[in-house]
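K.L.:
To convert, note that position 164 of the sequence shown is 163 in numbering that gives the first Met the number 0; the numbers rise steadily by one, no gaps. I have a structure here, written as structure tokens, and I will follow up with some questions on it.
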Amino acid sequence: MTGRAPQGLRRLSLVDFRSYPQVSVETQSRCCALIGDNGAGKTNLLEAISLFTPGRGLRRIELAAMARQNGAGGFAVALELARGEDGLDGRQLGVGLLPADGEGRRQRQSRIDGAEAGSAAAFADHIRIVWLTPDMDGLFRGAAGDRRRFLDRLVLGVDAAHAARTNALERALRQRNRILEDHAQDHVWLEATEREIAEYGIAVASARALTVARLSALITERRDEASPFPAAGLALAGDIDRLLAEHGPQDGEVRYRHLLRSTRARDRAAGRTLLGPQASELMVRHLDRDIAAAQGSTGEQKALLIALILAQARLIRRVSGIAPLLLLDEVAAHLDPRRRAALYREIDDIGGQVWMTGTEAGLFADMAAGSERFLVAGGMIERL
């Protein structure tokens, strides 16, 4: 789409992050390609950007591990956003980790225009981020927990409060497990904890169900059998998902609480709570071939995963009004020329900014006019 004001980043700056003592890169483009050898630090740049969402970023590791070795022990990442479609100047966003204090504690900081932000969730008013990395290639054949995390990332793209709900649910589940192990006869404590689990559990399940329904509707609306990216069929499978679908949120919460009470002995023996959103499964089908995603070829699974990421980006724009920033790590190298050209067309149509990585400049020859390419080497970034 042409004629739109650019969205995304105008400047990215890092201090003591991963392999970078200090580096800054500026762009006026919506399409940025980072080119360099394996190990040059391209993914490190994407990871830095991914920290402006709740969680630990695209590698899902502790923040302390992101601080540069032999550095001061902390790091800082700053983004200057480009001018938005509303004509307002871009915000200044910052994420950092302070060096350990005298007691070894580290503090994460989030800032918007220099003012302290409560958490990374506050950035959702200004930027939404979607990513695809090589680690996600085995999603459809991997563990159910990987697909749940993927689903929660999809939800988080349109509902910034989802991370707080899932974290609260996890804390309540851990507490119930401890009570069952050490204080199984404390029914008052158990009742209070199970009430909390039911409340957060139904909220998490409801947010997932809503996102799956929205994505499914969007995929159906835009389905094109001639597209090199196949349509995905999505469904949730799990006791809580069925409970919610049959009884609705209010009655479902009451029934979930009763089920937790009746399964205490079983859960105590198992050492964990077996019933809940933490056991749900995201089922994905390749609709064009009417097969489970896991049964497709490696190429088909990659194309299906890209299709889901593109659908997520479109849904984010539709729901939030913000064209998301896409981080695509080593994606182009695994696509044939037809799919690569189609990917660039889809990205341009969505309207957000994209940062891609690759080892060869030729992979990005079909990117939209005005795209920028950067050479990444030796802790430095140079515009080509």
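Where is the CB? At the ideal position from N, CA and C, for every residue including glycine.
I need the straight-line Cα distance from residue 249 to residue 197, nearest angstrom please.
P.N.:
Looking at the two C-alpha atoms, the distance is approximately 10 Å.
K.L.:
Going by DSSP, name the residue or residues bridged to residue 270.
P.N.:
For residue 270, which the question treats as bridged, DSSP gives no partner whatsoever.
K.L.:
Three or more C-beta pairs under 8 Å: does that hold for the stretch 114–129 against the stretch 264–282?
P.N.:
No, because fewer than three Cβ pairs between the stretch 114–129 and the stretch 264–282 fall closer than 8 Å, the two stretches do not touch.
K.L.:
What residue does the beta strand (DSSP E) around residue 174 start on, and which one ends it?
P.N.:
That residue, residue 174, is in no beta strand (DSSP E); its alpha helix (DSSP H) goes 161–181.
K.L.:
Under three-state DSSP, which class holds residue 79?
P.N.:
If DSSP states are grouped into helix, strand and coil, residue 79 belongs with the strands.
K.L.:
Give me the residue from 222, 96, 242, 201 with the minimum Cα distance to residue 55.
P.N.:
The shortest C-alpha separation from residue 55 is found at 96.
K.L.:
Skipping 5 residues on each side, what residues in its chain have a beta carbon closer than 7 Å to that of residue 162?
P.N.:
These residues qualify, in order along the chain: 53, 54, 120, 155.
K.L.:
Apart from the five residues on each side of it in sequence, which residues of its chain come closer than 7 Å, Cβ to Cβ, to residue 71?
P.N.:
Within the same chain, residue 71 has close Cβ partners 15, 98.
K.L.:
Which first and last residues belong to the beta strand (DSSP E) in which residue 9 is found?
P.N.:
Residues 8–16.
K.L.:
Would you kindly report the start and end of the unbroken beta strand (DSSP E) that includes residue 356?
P.N.:
353–357 is the span of the beta strand (DSSP E), which, as asked, contains residue 356.
K.L.:
Considering residue 472, what are the terminal residues of the alpha helix (DSSP H) in which it resides?
P.N.:
Lying before the first or after the last residue shown, residue 472 is absent from the chain, which here runs from 0 to 383.
K.L.:
Entirely within the stretch 305–344 and at least 3 residues each: give me those beta strand (DSSP E) ranges in chain order.
P.N.:
Whole beta strand (DSSP E) segments, 3+ residues: 324–327.
K.L.:
How many angstroms separate the CA atom of residue 244 from the CA atom of residue 237?
P.N.:
Cα-Cα distance, rounded: 11 Å.
K.L.:
Please classify residue 43: is it buried, with 16 or more other beta-carbons within 10 angstroms of its beta-carbon, or exposed?
P.N.:
The residue in question, residue 43, is buried, as its Cβ has 16 or more Cβ neighbours within 10 Å.
K.L.:
Can you check whether the CB of residue 326 is closer than 7 Å to the CB of residue 45?
P.N.:
Taking 7 Å as the Cβ cut-off, residue 45 and residue 326 qualify as a contacting pair.
K.L.:
Compare the Cα-Cα distances from residue 379 to each of 9, 108, 17, 8 and report the closest residue.
P.N.:
Closest by alpha carbon: 17.
K.L.:
What do you get for residue 383, buried or exposed, if any count of 16 or more other CB atoms within 10 angstroms of its CB means buried?
P.N.:
Residue 383 is exposed by the Cβ-count criterion.
K.L.:
Measure the C-alpha to C-alpha separation of residue 170 and residue 263 and round it to an integer number of angstroms.
P.N.:
Roughly 17 Å between the two C-alpha positions.
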